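Single-structure report; data block below.
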Amino acid sequence: MPKVGMEAERRRSLIHATVDAIHEHGYSDVTMAQIAKRAGVSGGLVHHYFGSKDQLLAATMRHLLTELGRAISDGLSRAQTPRERISAIIEGNFAVDQFQPAVIAAWLAFYVQSRTTQNNKRLLRVYASRLASNLTFNLRAFMSQAEARRVAEGTASMIDGVWIRQALSGAKTDRSAAIGMVEDYVETQIAAHRGPDADH
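Using the UniProt record's numbering, the first residue of the sequence shown is number 1, and each one after it goes up by one.
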C-alpha cells in the first residue's frame, strides 16, 4: 500500500528532475527516460503521471509559476507603499530559488514551446497579464493610467529580457545586478513624472 503523500512527492521529484534534465540536455533532446532516471522512477510511471513530455513541461511551468507567485506575495505582504510593492514584484521575479541556471533554462524552453503549445501559451499569458496588472496598479501612484501601463510593459519586458539574456549567456547568475537594472529603469521612469505637472 503506497504511503500517504507518495504520489505528490513523486510528482515533485519528476518536476525537479525535468528542470535539471532540460538544463543539461535542452528541451528538444531531453527524453522521458532521462527524466525518469534522474527522479529514480520507471519511464512508465512518468507517462502515468503526465502522459507526454509537453504535459510534463506544462506541469513544471505551473509549479514554477506557483513558486514565483509565492515569492512575489511574500514580498508584497511586507511592502507598505506603492514603491515598495513595485520593488517587491521586481525582487520576487528574481527570487533565489527561481533565478538559477537550471530554472532559467526551463523557463526559456517554456517560452519557446508557448509558440506552438496552447496550454503553455495560456500559462504564459496569465503570467504576463498578472505581472503587467500588478505593476500598473502600483505605478498609478506616480503617473497617469496610460503612462503606468506603458511603464509596466517596459518593466515586464526588462524582467523577461534579463532572464533571456542570462539563459543565452550561460554566465553565473547575479541576482543583485539583475534587480538593480530593472530598478534603475523604474526609478528613471518615476522620476520623469515627478514635478508640478505629474499626475498623482
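Glycine included, every Cβ here is placed at the ideal spot set by N, Cα and C.
The model shown is predicted, which means the values in this text are computed figures rather than measured ones.
Have a look at residue i and residue j and give me their C-alpha separation to the nearest angstrom.
i	j	result
residue 150	residue 124	19 Å
residue 183	residue 41	43 Å
residue 56	residue 29	15 Å
residue 186	residue 81	15 Å
residue 92	residue 72	4 Å
residue 198	residue 110	With a pLDDT of 45 at residue 198, under the threshold of 50, the modelled position of that residue is not reliable, and the figure given next carries that caveat. The alpha-carbon atoms of residue 198 and residue 110 are separated by roughly 39 Å.
residue 43	residue 192	56 Å
residue 179	residue 166	13 Å
residue 8	residue 49	10 Å
What does a CB cutoff of less than 6 Å around residue i pick up in its chain, not counting 5 residues either side in sequence?
i	result
residue 102	19, 20, 23
residue 200	Confidence at residue 200 is low in this model, with a pLDDT of 42, below 50, so the placement of that residue is unreliable and no value is reported for it.
residue 168	none
residue 51	none
Which class does residue i belong to by DSSP, given the choice of helix, strand or coil?
i	result
residue 120	helix
residue 102	helix
residue 149	helix
residue 18	helix
residue 188	helix
residue 97	coil
residue 78	helix
residue 141	coil
residue 194	coil
Below 9 Å between beta carbons: does that hold for residue i and residue j?
i	j	result
residue 89	residue 131	yes
residue 139	residue 148	yes
residue 32	residue 47	yes
residue 134	residue 61	no
residue 68	residue 95	yes
residue 126	residue 65	yes
residue 100	residue 27	no
Is residue i near the ligand MN, with its Cβ less than 8 Å from a heavy atom?
i	result
residue 182	Looking for the ligand MN in the displayed structure turns up nothing, as the structure carries no ligands at all.
Here's a check: name, in chain order, each residue in its chain whose Cβ is nearer than 8 Å to the Cβ of residue i, leaving out the five neighbours to either side.
i	result
residue 181	158, 162
residue 13	39, 40, 41
Can you give me the Cβ contacts of residue i inside the same chain, cut-off strictly under 7 Å, excluding the 5 residues immediately before and after it?
i	result
residue 85	76, 79, 138
residue 104	163, 166, 167
Exercise for the section: Let me know the alpha helix (DSSP H) ranges lying completely inside the region 156–184, each 4 residues or longer, listed in chain order. Expected result: none
Handout entry: Continuous alpha helix (DSSP H) assignments of at least 4 residues falling wholly in the region 9–69
Key = 32–39, 43–50
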